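A.B. asks:
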Amino acid sequence: MPKIYFIDVTNRDGVQTANLGLSKLEKTMINIYLNEVGIFQSEFGFPTTRHESAYLQANLELAAMGVLQPIRLSGWIRAVASDVETAFRFVPDIRHLNLSISTSPQMISAKFRGEKKREDILEMMIDAVEAAKALGADGIGVNAEDASRTDTDFLIKFASAAKEHGAQRFRYCDTLGYDDPFTLYEAVKAVAENVGIPIELHCHGDLGMAVANSVAGAKGAIDGGQDAYINTTVNGIGERAGNADLVATILAVTKSKGFADRYQLGKRINLKKAWKISKFASYAFGVPIPINQPGVGANAFAHSSGIHADGVLKDPQNYELYDLAELGRGEPEFVETGREICSGEYSGISGFRHIMGKMAIAFEDSAKAEETLELVRYANVEAQKPLVEDELLFIAKYPQVARKLLTLIPL
Ligand SMILES: [Zn+2]
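Counting in my numbering, the sequence shown runs from 5 upward without gaps.
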């Protein structure tokens, strides 16, 4: 039976969201946490964007060192052959790419100002896939942008051509969050059955259905005989109303009535990291986790009304669908309530030694401590907020990689 995998796009869709962003170190930490959760692939950035290249190369280096393994790191670019060439020029070690092009009549006519027909779209996509293969890509996915406003026959044609030329996956992008679970199920099942290609579900929440649509799409792919790859973002951060939330979607496919026992995951998921990655993304983006967020919201396991509280005290299963410990919750959190010494771009060696000493990090000599502090200062220049313990530990452990990913050289 085909299986369900997760592809997280926080470092692509999440960071391109208006008013929000992540530093290169924060993006790296997201990749590390996603790997710990057991996510199949992180769409880790934009290989044709100059300021991403040092970060992307540094993360590929972490993959080569075994730090970012087994997660796959995939770049996102337009399905244009010249963009593929630029991607390989800027990020020579890149091996996985998602190539995106609009497929709906609305976008084809309005974006290309009437200069392109459907045949041109197919041709551009094929040229991009061929270019990616020729330059050494191992994993190629093609994205049909605005798939939900594209007729299914053309999607089948598009996905068939992609498969024929060597793409391994087809991404159904409900770019505007226009589908409902029923329409999305039908469209995806038809592509799966007619093309025989694994399908990615990329859903947005403009109508509040991102998770429901993702689950329905996964069912459509599997019922059509193909593996499903659900796109998520941490805390649902993404363009406009956001994407399918990582934790909520994992919970939906592992705990819901129709999925829990019937569908299988392709990779073991470690939900115990859910709490940590959600908290980190909330801090890094500067966006609080909603009180009623599934699994990780402050109220997800809170009970006050008489009947509920009494029921939970007798047996949590009366009013809780899953256990809080499964999500990595329940441990006391250490929050400084007295004097706080934290990192900053103008930190000095004494405060820095104090912070690192609290984490039991000792340096070989003062030169090593000064060097690490310098990197921490640079990381703070970009983040503009104190680094968390894991970021400080990362810099202390991998100073060379940290130096690379903090490198920004404007033209
Ligand atoms: Zn999107």
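Quick reminder that beta carbons are idealized off the backbone N, C-alpha and C, glycines included. Small disclaimer: the values here were computed from a predicted structure and weren't measured.
(1) Nearest-angstrom Cα distance between GLU127 and TYR182?
(2) Let me know if HIS358 comes out buried or exposed under the rule of 16 or more other beta-carbons within 10 Å of its beta-carbon.
(3) Give me, in chain order, the residues of the same chain whose beta-carbon lies closer than 7 Å to that of LYS223; leave out the 5 immediate sequence neighbours on both sides.
(4) Closest to ARG93 by C-alpha separation, out of SER78, SER57, ILE105, would be which residue?
(5) Does GLY355 come out as helix, strand or coil in the three-state DSSP assignment?
(6) Exposed or buried, which one is HIS55 when buried takes at least 16 other CB atoms within 10 Å?
(7) Which stretch, first to last residue, makes up the beta strand (DSSP E) that contains HIS312?
(8) Taking C-alpha atoms, which residue in ASN274, THR32, MET360 lies nearest to PHE10?
(9) What does TRP80 pair with, by DSSP beta-bridge criteria?
(10) Which whole-angstrom value is the C-beta distance of SER1 and ALA85, which I expect to be below 8 Å?
(11) Using the C-alpha atoms, what's the distance from ALA163 back to LEU250?
(12) Per DSSP, GLY145 is paired with what?
(13) Look at the alpha carbon of GLY355 and the alpha carbon of ILE281, and state the distance between them as a whole number of angstroms.
(14) Within its chain, find whatever has a CB closer than 6 Å to the CB of THR14; leave out the 5 residues flanking it on each side and keep chain order.
(15) Based on the DSSP output, what are the partners of HIS208 in its beta bridges?
(16) Around the C-beta of THR339, are 16 or more other C-beta atoms found within 10 angstroms, so that it is buried, or is it exposed?
(17) Is any heavy atom in ligand 1 found nearer than 8 Å to the beta carbon of GLU134?
(18) Please classify GLY140 as buried or exposed, where buried requires at least 16 neighbouring CB atoms within 10 angstroms.
(19) The alpha helix (DSSP H) spanning GLY221 covers which residue range?
(20) Using alpha carbons as the reference points, say which of GLN61, PHE44, GLN73, GLY42 lies closest to PRO51.
(21) Following the continuous beta strand (DSSP E) through GLU47, name the residue where it begins and the one where it ends.
(22) Select from VAL71, GLY170, TYR37, LYS161 the residue whose C-alpha is nearest the C-alpha of ASN102.
(23) Tell me, please, which residues DSSP counts as bridged to PHE284.
(24) In whole angstroms, what is the alpha-carbon distance linking ASN39 and GLU119?
(25) Closer than 8 Å is the cut-off here; do at least three beta carbon pairs connect the region 340-349 with the region 292-306?
(26) Roughly how many angstroms separate the alpha carbons of TYR326 and GLU337, rounded to a whole number?
(27) Please go through the same chain and pick out, in chain order, the residues whose beta-carbon is closer than 6 Å to the beta-carbon of ALA248, but skip the five residues on each side of it.
(28) Do LYS276 and LEU331 count as a contact pair if the criterion is CB distance below 9 Å?
(29) Please go through the same chain and pick out, in chain order, the residues whose beta-carbon is closer than 8 Å to the beta-carbon of PHE398, but skip the five residues on each side of it.
(30) Output the boundary residues of the alpha helix (DSSP H) element that contains TYR9.
(31) Give the DSSP-derived three-state secondary structure of THR90 in the structure shown.
(32) Identify the continuous alpha helix (DSSP H) that holds ALA114 and give its terminal residues.
(33) Pull the bridge partners of LEU269 from the DSSP assignment, please.
(34) Mind checking who PRO237 pairs with in its DSSP beta bridge?
(35) Can you grab the Cα-Cα spacing for the pair ASP142 / PRO96, in whole Å?
(36) Suppose you measure from the CA of LYS261 to the CA of ALA371; what does that come to, to the nearest Å?
C.D. replies: Put simply:
(1) Residue 127 sits at position 123 when you count from the first residue of the sequence shown. Residue 182 sits at position 178 when you count from the first residue of the sequence shown. GLU127 and TYR182: Cα-Cα distance of roughly 27 Å.
(2) The sequence position of residue 358 within the sequence shown is 354, counting from 1. With fewer than 16 Cβ atoms within 10 Å of its Cβ, HIS358 is classed as exposed.
(3) As a first step, residue 223 is located in the sequence shown; it is residue number 219 there, counting from the start. Only TYR189 meet the Cβ criterion.
(4) Counted from its first residue, the sequence shown places residue 93 at position 89. ARG93 has its Cα closest to that of SER57, out of SER78, SER57, ILE105.
(5) The count along the sequence shown starts at 1 and reaches residue 355 at position 351. Here GLY355 sits in helix by DSSP.
(6) Mapped onto the sequence shown, residue 55 falls at position 51. Its Cβ having fewer than 16 others within 10 Å, HIS55 is exposed.
(7) The residue given as residue 312 occupies position 308 in the sequence shown. Run containing HIS312: none in the beta strand (DSSP E); it sits in the alpha helix (DSSP H), 310-318.
(8) In the sequence shown, counting from the first residue as 1, residue 10 sits at position 6. Measuring from the Cα of PHE10, the nearest candidate turns out to be ASN274.
(9) Sequence index remark: in the sequence shown, residue 80 carries index 76 (1-based). According to DSSP, TRP80 bridges with ASN102.
(10) Since the first residue shown for the chain is 5 and the last is 415, residue 1 is missing from the structure and cannot be characterised.
(11) The residue labelled residue 250 in the question sits at position 246 within the sequence shown. The residue labelled residue 163 in the question sits at position 159 within the sequence shown. C-alpha separation (whole angstroms): 26 Å.
(12) Position 141 of the sequence shown, counting from 1, holds the residue named residue 145. DSSP, once it has assigned bridges, lists ASN102, ARG173 as partnering GLY145.
(13) As a first step, residue 355 is located in the sequence shown; it is residue number 351 there, counting from the start. As a first step, residue 281 is located in the sequence shown; it is residue number 277 there, counting from the start. If you take the alpha carbons of GLY355 and ILE281, they lie about 27 Å apart.
(14) In the sequence shown, residue 14 corresponds to position 10, counting from 1. Excluding sequence neighbours, THR14 sits near ILE34, THR237, VAL238.
(15) Locating residue 208 in the sequence shown gives position 204, where the first residue counts as 1. In DSSP, HIS208 forms a bridge with ASN247.
(16) Residue numbering aside, residue 339 sits at position 335 when the sequence shown is read from its first letter. In the sequence as displayed, the identity of residue 339 is Val instead of Thr. Exposed.
(17) Position 130 of the sequence shown holds residue 134. No.
(18) Mapped onto the sequence shown, residue 140 falls at position 136. By the 10 Å Cβ count, GLY140 comes out exposed.
(19) Taking the first residue of the sequence shown as 1, we reach residue 221 at position 217. 214-227 is the span of the alpha helix (DSSP H), which, as asked, contains GLY221.
(20) For the purposes of this step, residue 51 is taken as the residue at position 47 of the sequence shown. For the residues GLN61, PHE44, GLN73, GLY42, the minimum Cα distance to PRO51 belongs to GLN61.
(21) Indexing the sequence shown from 1 puts residue 47 at position 43. Here the beta strand (DSSP E) through GLU47 covers 45-49.
(22) Counting from one through the sequence shown, the residue named residue 102 turns up at place 98. For the residues VAL71, GLY170, TYR37, LYS161, the minimum Cα distance to ASN102 belongs to GLY170.
(23) To locate residue 284, count along the sequence shown from 1; it is residue 280. None; PHE284 has no bridge partner.
(24) On the sequence shown, position 35 is the one that residue 39 refers to. On the sequence shown, position 115 is the one that residue 119 refers to. Cα to Cα, ASN39 sits roughly 42 Å from GLU119.
(25) no
(26) For the purposes of this step, residue 326 is identified with residue 322 of the sequence shown, where counting begins at 1. For the purposes of this step, residue 337 is identified with residue 333 of the sequence shown, where counting begins at 1. Whole-angstrom Cα-Cα distance: 21 Å.
(27) One-based indexing of the sequence shown puts residue 248 at position 244. Here the set comprises CYS207, ALA214, VAL215, SER218, THR236.
(28) Residue mapping note: residue 331 aligns to position 327 of the sequence shown, counting from 1. Residue mapping note: residue 276 aligns to position 272 of the sequence shown, counting from 1. Taking 9 Å as the Cβ cut-off, LEU331 and LYS276 qualify as a contacting pair.
(29) The residue labelled residue 398 in the question sits at position 394 within the sequence shown. Within the same chain, PHE398 has close Cβ partners LEU29, THR32, MET33, ILE36, ALA406.
(30) Numbered from its first residue, the sequence shown carries residue 9 at position 5. TYR9 -> not in any alpha helix (DSSP H); beta strand (DSSP E) instead, spanning 8-12.
(31) For the purposes of this step, residue 90 is identified with residue 86 of the sequence shown, where counting begins at 1. Looking at THR90 - three-state DSSP - the assignment turns out to be helix.
(32) Translated into positions along the sequence shown, residue 114 becomes position 110. 109-115 is the span of the alpha helix (DSSP H), which, as asked, contains ALA114.
(33) On the sequence shown, position 265 is the one that residue 269 refers to. Paired residues: ILE8.
(34) As a first step, residue 237 must be located in the sequence shown, where it is residue number 233. Reading the sequence as shown, one finds Thr at residue 237 and not Pro. DSSP lists ASP249 as partners of THR237.
(35) Along the sequence shown, read from residue 1 onward, the residue named residue 142 stands at position 138. Along the sequence shown, read from residue 1 onward, the residue named residue 96 stands at position 92. Those two C-alpha atoms are separated by around 13 Å.
(36) As a working mapping, residue 261 is identified with position 257 in the sequence shown. As a working mapping, residue 371 is identified with position 367 in the sequence shown. Rounded to the nearest angstrom, the two C-alpha atoms are 58 Å apart.
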